[in-house]
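Q: Here the numbering used here is used: the first residue of the sequence shown is 7, the next is one more, and so on.
Using N, Cα and C, we set each Cβ at its ideal position, and we do this for glycine too.
Note that the structure is a prediction, hence the values are computed from the model and not measured.
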Amino acid sequence: MTEAVAEPFHVGLTPDAVIDAAVELTRESHLFSWSIRDLAKRVGVNPSTIYYHVGGKDLLCRRVMERIATDLMIPDPSLGWQDWFRELLCTMGPLAMQYPGAAKWMLMHGPTIAAVMPAFATGLGVLERAGFGEDASVAYALLINNPMLTIALGDDRLQHDEDGPRDHAAMMQDFARIAANQPGADVFMNSLMRPYAEGGETAAQARLGYLRFCIEITITGLTTWLDSGRPGPPGTGARKEPTP
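1. Going by C-alpha distance, which of Asp82, Ile74, Thr20 and Ile223 is nearest Val60?
2. Exposed or buried, His115, counting other C-beta atoms within 10 Å across all chains shown (16 or more means buried)?
3. In the DSSP assignment, find the alpha helix (DSSP H) that holds Arg43 and state where it starts and stops.
4. Buried or exposed for Leu65, going by 16 or more other Cβ atoms inside 10 Å?
5. Can you name, in chain order, every residue of its own chain whose Cβ lies under 8 Å from the Cβ of Pro83, other than the five neighbours on each side?
6. Is Ala102 near Ile119, with beta carbons less than 9 Å apart?
7. What are the uninterrupted segments assigned as alpha helix (DSSP H) that are 4 or more residues long and contained completely in the stretch 31–109, given in chain order?
8. Output needed for Phe38: all residues of its chain with C-beta closer than 6 Å, excluding positions within five of it in sequence on either side, in chain order.
9. If you follow the alpha helix (DSSP H) that Ser234 is part of, which residue opens it and which one closes it?
10. List the endpoints of the continuous alpha helix (DSSP H) containing Asp141.
11. In three-state terms, what does DSSP make of Thr118?
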């Protein structure tokens with residue numbers, strides 16, 4: 007009997023080239039929507055070749071995220087914590103928005119890839135020096151998760167072509183029907199819902215503006231909480247006022 011021979015890799019095709027193609031598929035669609043078959047078709051090989059030489063979808067998603075995270079810029083650690091996270095998130099957010107599904111992966115897996123560890127370690131250090139103490143980890147999670155949740159929701163709406171605008175247009179119709187003559191209804195529809203329903207650049211700018219607002223409100227809330235002496239959760243529970 008002859009020994010089985012593994013299917014040869016396509017001439018000139020490397021694992022890095024496969025990951026490049028996976029990154030582009032993510033940019034064009036959504037990290038969780040393309041399949042190994044889609045990727046194999048993109049690079050001109052059989053799906054089994056991808057599995058054998060690179061890995062399955064979970065591993066490929068991790069490799070895509072590692073590639074994306076190499077573009078993450080780490081702010082100057084001498085900045086105050088508010089400015090440090092404002093700069094980080096105002097670059098991380100738009101970067102994640104270029105690759106639908108990236109924010110969702112980050113929410114699901116956390117800082118578990120090597121490329122994000124410098125930002126993770128620096129960010130924790132910035133918060134600890136600012137006085138967050140044992141709550142630095144929870145504060146870090148809140149600062150990252152709030153913007154990423156906002157992006158992930160938008161990504162899911164856009165997972166199907168033009169589904170986001172259609173969804174918001176349907177929401178506007180339903181809202182107009184049930185909220186007729188309610189105070190503030192017109193303002194809510196026109197200032198918040200309408201830009202998303204228009205789609206295109208208008209919706210993109212609305213998403214970006216909402217993201218920046220989310221970042222600012224999260225920073226403002228944590229600033230108030232820190233300045234108040236970190237009362238109550240997170241961490242080990244409510245902090246008692248010192249006894250005179």
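A: Taking the geometry as given:
1. Thr20
2. exposed
3. Ile42 to Val49
4. exposed
5. Trp90, Thr128, Gly131 and Val132
6. no
7. 42–49, 53–59, 63–75 and 87–103
8. Gly107
9. No alpha helix (DSSP H) holds Ser234; DSSP gives it neither H nor E.
10. Where Asp141 is concerned, there is no enclosing alpha helix (DSSP H), given that its DSSP letter is neither H nor E.
11. coil
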